[in-house]
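Colleague:
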């Protein structure tokens, strides 16, 4: 997320969730605002917009803070603990991770920036984010 404006975060987060729901349609049931809803109608609702923007912001903040993992780890662990309230399981991090990588490929591929090295680096980044959240959640 080059610029962390609300519009950029909402666009990136929206694409991430669009990919998640396209790749794993059953994942819609994990989100109360999606259950039994027409996805086309949900995307304009404030609850959806706030969620996708929030997820993109957390990922952006985590990426920006990875140089100082001791600073970002408590935030991600806390976020992981909160996910206990949502019924999040370890496999869900893999689903979101795959959608995250697909989103990056869509954004970076046309610019020639999605290389095998970039994919490996971003896979490692997501691995750190996911493992730190799972640690906070107590499921690692």
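Residue numbers (the UniProt record's numbering): 1 to 140. Where is the CB? At the ideal position from N, CA and C, for every residue including glycine.
Which residues in the same chain have their Cβ closer than 8 Å to the Cβ of residue 89, if we skip the five residues on either side of it in sequence?
Modeller: 139
Colleague: Between the Cα of residue 120 and the Cα atoms of 104, 86 and 17, which residue gives the shortest distance?
Modeller: 104
Colleague: Less than 7 Å separating the beta-carbons of residue 130 and residue 19?
Modeller: Not closer than 7 Å, so no.
Colleague: Kindly indicate which residue of 32, 16 and 27 has the alpha-carbon position closest to the one of residue 59.
Modeller: 16
Colleague: Just mark residue 80 as buried or exposed, buried being the case when its beta carbon has 16 or more other beta carbons within 10 Å.
Modeller: buried
Colleague: What does the alpha-carbon distance come out to for the pair residue 61 and residue 37?
Modeller: 30 Å
Colleague: Tell me which same chain residues have a C-beta within less than 8 Å of the C-beta of residue 29, skipping the five on either side of it?
Modeller: 35
Colleague: At which residue ranges does the UniProt domain "Globin" (1 to 138) contain complete alpha helix (DSSP H) runs of 4 or more residues, listed in the order of the chain?
Modeller: Counting whole runs of 4 or more residues, the UniProt domain "Globin" (1 to 138) contains the alpha helix (DSSP H) stretches 6 to 23, 39 to 42, 46 to 65, 69 to 82, 90 to 108 and 116 to 137.
Colleague: Would you call the CB atoms of residue 24 and residue 95 closer than 7 Å?
Modeller: yes
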